[in-house]
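Asks: Those protein sequence lines, which keep their order, are chains E and P. Count along the first sequence from 1, then add 81; that gives the number in the numbering used here. Count along the second sequence from 1, then add 81; that gives the number in the numbering used here. All residues carry an ideal CB built from backbone N, CA and C; glycine is no exception. Let me give you the structure first, and then I'll get to my questions.
2 protein chains.
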Amino acid sequence: MTYCVALCLQDGIVFAGDTRTNAGIDHVSTFRKMYKFGVEGERSMVLLTAGNLATSQAVINMLFRGIQQDSERNLHNVATLFDAAMLVGEHVSSIAQSAQTRAHTQEGFGSSFLIGGQIRGQVPELYQVYQEGNCIRATRDTPYFQIGESKYGKPILDRAINYHSSLDEAVRAVLVSFDSTIRSNLSVGFPIDLLAYRNNSFNMPAGMRIDESDPYLHNIREQWSDGLKSILQSFAEPPEYYFK
Amino acid sequence: MTYCVALCLQDGIVFAGDTRTNAGIDHVSTFRKMYKFGVEGERSMVLLTAGNLATSQAVINMLFRGIQQDSERNLHNVATLFDAAMLVGEHVSSIAQSAQTRAHTQEGFGSSFLIGGQIRGQVPELYQVYQEGNCIRATRDTPYFQIGESKYGKPILDRAINYHSSLDEAVRAVLVSFDSTIRSNLSVGFPIDLLAYRNNSFNMPAGMRIDESDPYLHNIREQWSDGLKSILQSFAEPPEYYFK
């Protein structure tokens, strides 16, 4: 499995993905799930992917090849982020469909994607692209999307994040969200790729690969764990009538 | 969906289940998912169920009918908790299989169960029964089981609970686990049925139905929410290199 999350906030977009891939419990590997596209000063896009690794890699390959061959529609020339999301959607649905046809099955070859960023002259946007090729856009009401093993890490985002959260706050909540997921699910693992795009910068940061030895992450994990325990301990004892 | 959890600890067994049932988003109802069996002073058992409601209810009916008709094997006369779990498993696999045969399908009629308690002269035990009819037992290493919509509420249990946790601690963690699940998933809802069995009491408490207006639950939810936010705010700002 995989866990990826992206948050489209008032100050920018935070992207994060783990790096664990598993095909069965005895075939666990590290694969990057975050890819960057763009033209310095003009457009910045980040793609996160979860699902069938062969399909994901084929889509990424087709996207990079489109740019190299200067195709009529590629991520460097599409007019809007929506068009970028639709292009990703076309690739994934056609690749997944071909594989399924060859395998005489209706499922098992799908991948989903998050693509977000900004094109000069436009507002920053974030899309979730489904394996069927359609997509939805993040809004102020629902500023974040998750793909992959999303449930363990959702409660903290639901509580802590809204459109007006700062990038700093978002990064902290994302690290906690990953930590919760990784502790509860073996199929999601360190290191984490993290990238925070600042709106209207049109400058793509290198992004950060955070492994378990990262001192900031280490402190956050300890503080979070200790903090949760002390909240639990601060609760009054359950009333007598709970045990009647 | 549904969320149920049971924790088999050194001092007793805590059982909890929500009460929401949904067949599609416009067919949401309240159904009890916790059932009590036993003979005062001799044996105490609690059953929690998740999955297809018709299958779950049919299994419960067969278990009660077995007792009423004083069948050769029923929950009041089976020799061990393991035998009780196997009896539940036989019922669920046969009922689900019949429904699937009639519907010409291989799935969609399954239910899973947690059954725990104590028979005089024996240690307390907790089993998870799968829809195929087999079962696993909780141990000191893994003292709790969840069924239904389990992922949202798992991280807090993984962090806060071990075999030596007190019943008080378990109740608090369980309430937080339900709160996290209910906030993130519409298919799980209040009220919660909660029951704490004290080991070697052979006395079945009435159990408690906790709705949103319960003052203790209300305080815990507020304290938890505020506490999480203050832990997040207490984190140092992410280092500069995170944004490079």
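So, Glu230(E) versus Ser261(E), is the Cβ gap smaller than 8 Å?
Replies: Within the first sequence, the letter at position 149 stands for residue 230(E). Within the first sequence, the letter at position 180 stands for residue 261(E). Result no, Cβ atoms of Glu230(E) and Ser261(E) do not sit closer than 8 Å.
Asks: Identify the continuous alpha helix (DSSP H) that holds Gln178(E) and give its terminal residues.
Replies: Counting from 1 along the first sequence, the entry for residue 178(E) is found at position 97. Start and end: Leu162 to Arg183.
Asks: Listing by chain order, which chain E residues have their CB less than 8 Å from the CB of Ile148(P)?
Replies: Position 67 of the second sequence holds residue 148(P). Those within 8 Å of Ile148(P) in chain E number zero; the least Cβ separation is about 24 Å.
Asks: Excluding the 5 residues preceding and the 5 following Gln187(P) in the sequence, name in chain order all residues of the same chain whose CB lies nearer than 8 Å to its CB.
Replies: Your numbering for residue 187(P) matches position 106 in the second sequence. Excluding residues within five positions, the ones whose Cβ falls inside 8 Å are Gln181.
Asks: By the 9 Å beta-carbon criterion, what residues does the region 239-270 of chain E contribute toward chain P?
Replies: So the close ones are Asp239, Arg240, Ala241, Leu248, Asp249, Glu250, Val252, Arg253, Ala254, Leu256, Val257, Asp260, Ser261, Thr262, Arg264, Ser265 and Asn266.
Asks: Where does the unbroken alpha helix (DSSP H) through Leu134(P) begin, and where does it stop?
Replies: Walking along the second sequence from the start, residue 134(P) turns up at place 53. That run of the alpha helix (DSSP H) goes Leu134 to Gln149.
Asks: Hey, is the region 154-167 of chain E in contact with the region 248-258 of chain E, meaning 3+ C-beta pairs nearer than 8 Å?
Replies: Judged by Cβ distances under 8 Å, the region 154-167 of chain E makes no contact with the region 248-258 of chain E, as fewer than three pairs qualify.
Asks: Taking contact to mean 3 or more Cβ pairs, one atom from each stretch, closer than 8 Å, check whether the region 125-142 of chain P and the region 167-180 of chain P are in contact.
Replies: Verdict: yes, contact present.
Asks: Name the chain E residues whose beta carbon is nearer than 7 Å to that of Ile217(P)?
Replies: By one-based count along the second sequence, residue 217(P) stands at place 136. Correct list: empty, because the minimum Cβ distance to chain E is about 17 Å.
Asks: Are the Cβ atoms of Pro205(E) and Asn280(E) separated by less than 8 Å?
Replies: The residue you call residue 205(E) lines up with position 124 of the first sequence. The residue you call residue 280(E) lines up with position 199 of the first sequence. Result yes, Cβ atoms of Pro205(E) and Asn280(E) sit closer than 8 Å.
Asks: Starting from the Cα of Glu293(P), find the closest Cα among Pro286(P), Ala287(P) and Ile301(P) and give me that residue.
Replies: Residue 293(P) sits at position 212 when you count from the first residue of the second sequence. For the residues Pro286(P), Ala287(P) and Ile301(P), the minimum Cα distance to Glu293(P) belongs to Ile301(P).
Asks: Of all the beta strand (DSSP E) runs that stay within the bounds of the region 219-298 of chain E, which reach a length of 3 or more residues?
Replies: Segments of the beta strand (DSSP E) lying fully in the region 219-298 of chain E: 225-229, 273-279 and 289-291.
Asks: Is there a Cβ from chain P that is less than 8 Å from the Cβ of Met289(E)?
Replies: On the first sequence, position 208 is the one that residue 289(E) refers to. With 8 Å as the cut-off, Met289(E) counts as an interface residue toward chain P.
Asks: If the cut is a Cβ gap below 9 Å, which residues of chain P does Lys310(E) touch?
Replies: Position 229 of the first sequence holds residue 310(E). Going along chain P in sequence order, the residues near Lys310(E) (Cβ under 9 Å) are Arg240 and Ala241.
Asks: In chain E, which residues lie with their C-beta within 8 Å of the C-beta of Glu336(P)?
Replies: Here chain P has residues from 82 to 325 only, and residue 336(P) is not among them.
Asks: Spell out a yes or no on whether the region 83-96 of chain E and the region 188-204 of chain E are touching, meaning 3 or more CB-CB pairs, one atom from each, closer than 8 Å.
Replies: Touching, yes.
Asks: My output table needs one value for Ser306(P): the three-state DSSP class, helix, strand or coil.
Replies: The residue labelled residue 306(P) in the question sits at position 225 within the second sequence. Reduced to three states, the DSSP call for Ser306(P) is helix.
Asks: Could you tell me whether the Cβ of Ser315(P) comes closer than 8 Å to any Cβ of chain E?
Replies: Here the question's residue 315(P) lines up with position 234 in the second sequence. It does; some Cβ of chain E falls within 8 Å.
Asks: In angstroms, rounded to a whole number, what distance separates the CA positions of Ser193(P) and Ala219(P)?
Replies: Residue 193(P) sits at position 112 when you count from the first residue of the second sequence. Residue 219(P) sits at position 138 when you count from the first residue of the second sequence. For Ser193(P) and Ala219(P), the distance between alpha carbons rounds to 15 Å.
Asks: Hey, could you find the ends of the beta strand (DSSP E) Phe96(E) is sitting in?
Replies: For the purposes of this step, residue 96(E) is taken as the residue at position 15 of the first sequence. Unbroken beta strand (DSSP E) run through Phe96(E): Gly93 to Gly98.
Asks: For Tyr323(E), name the three-state secondary structure that DSSP assigns.
Replies: Here residue 323(E) refers to the residue found at position 242 of the first sequence. Tyr323(E) falls in the helix class under three-state DSSP.
Asks: Round the Cβ separation of Leu129(E) and Met115(E) to the nearest angstrom and send it over; I've been treating them as touching at under 8 Å.
Replies: Numbered from 1 along the first sequence, position 48 holds the residue referred to as residue 129(E). Numbered from 1 along the first sequence, position 34 holds the residue referred to as residue 115(E). That pair is a contact at about 6 Å.
Asks: Measuring straight from C-alpha to C-alpha, what distance separates His245(P) and Gly288(P)?
Replies: Start at 1 with the first residue of the second sequence, and residue 245(P) comes out as number 164. Start at 1 with the first residue of the second sequence, and residue 288(P) comes out as number 207. Rounded to the nearest angstrom, the two C-alpha atoms are 22 Å apart.
Asks: To which residues does DSSP link Gln209(P) through a beta bridge?
Replies: Here residue 209(P) refers to the residue found at position 128 of the second sequence. BP columns for Gln209(P) point to Leu195(P) and Ile217(P).
Asks: Enumerate in chain order the residues of its own chain whose CB-to-CB distance from Trp305(E) is below 7 Å, with the five nearest sequence positions on each side excluded.
Replies: Stepping through the first sequence from its first residue, residue 305(E) is reached at position 224. Within the same chain, Trp305(E) has close Cβ partners Val257 and Asp260.
Asks: With DSSP collapsed to three states, give me the class of Asn300(E).
Replies: Position 219 of the first sequence, counting from 1, holds the residue named residue 300(E). Of the three classes helix, strand and coil, the one that applies to Asn300(E) here is helix, per DSSP.
Asks: Have a look at Tyr297(P) and Asp274(E) and give me their C-alpha separation to the nearest angstrom.
Replies: Translated into positions along the second sequence, residue 297(P) becomes position 216. Translated into positions along the first sequence, residue 274(E) becomes position 193. Roughly 41 Å between the two C-alpha positions.
Asks: Quick check on Ala131(P): buried or exposed, where buried means 16 or more other Cβ atoms within 10 Å of its Cβ?
Replies: Taking the second sequence and counting its residues from 1, the one referred to as residue 131(P) is at position 50. That one is buried.
Asks: Which residues share a DSSP beta bridge with Ile200(P)?
Replies: The sequence position of residue 200(P) within the second sequence is 119, counting from 1. Bridge partners of Ile200(P): Arg124(P).
Asks: Would you mind reading off the limits of the beta strand (DSSP E) that contains Ala87(E)?
Replies: Counting from one through the first sequence, the residue named residue 87(E) turns up at place 6. Looking at the DSSP string, the run of the beta strand (DSSP E) that includes Ala87(E) is Tyr84 to Cys89.
Asks: Check whether the Cβ atoms of Gln209(E) and Ile217(E) sit closer than 8 Å, and answer yes or no.
Replies: Your numbering for residue 209(E) matches position 128 in the first sequence. Your numbering for residue 217(E) matches position 136 in the first sequence. Contact: yes.
Asks: Are Gly270(E) and Asp99(E) touching if we call contact CB-CB under 8 Å?
Replies: Reading the first sequence from its first residue, position 189 is the one you call residue 270(E). Reading the first sequence from its first residue, position 18 is the one you call residue 99(E). Taking 8 Å as the Cβ cut-off, Gly270(E) and Asp99(E) qualify as a contacting pair.
Asks: Can you give me, in chain order, the residues of the region 294-309 of chain E that have a beta carbon less than 8 Å from any beta carbon in chain P?
Replies: Answer in chain order: Tyr297, Asn300, Ile301, Gln304, Trp305, Ser306, Gly308 and Leu309.
Asks: Inspect the beta-carbon positions of Gly93(P) and Leu248(P) and report whether they are closer than 8 Å.
Replies: For the purposes of this step, residue 93(P) is taken as residue 12 along the second sequence, with counting starting at 1. For the purposes of this step, residue 248(P) is taken as residue 167 along the second sequence, with counting starting at 1. Yes, they are a contact pair.
Asks: Measuring alpha carbon to alpha carbon, tell me which residue in Val95(P), Phe163(P), Met126(P) and Ala160(P) is nearest Phe145(P).
Replies: Reading the second sequence from its first residue, position 64 is the one you call residue 145(P). Ranking the options by Cα distance to Phe145(P), first place goes to Met126(P).
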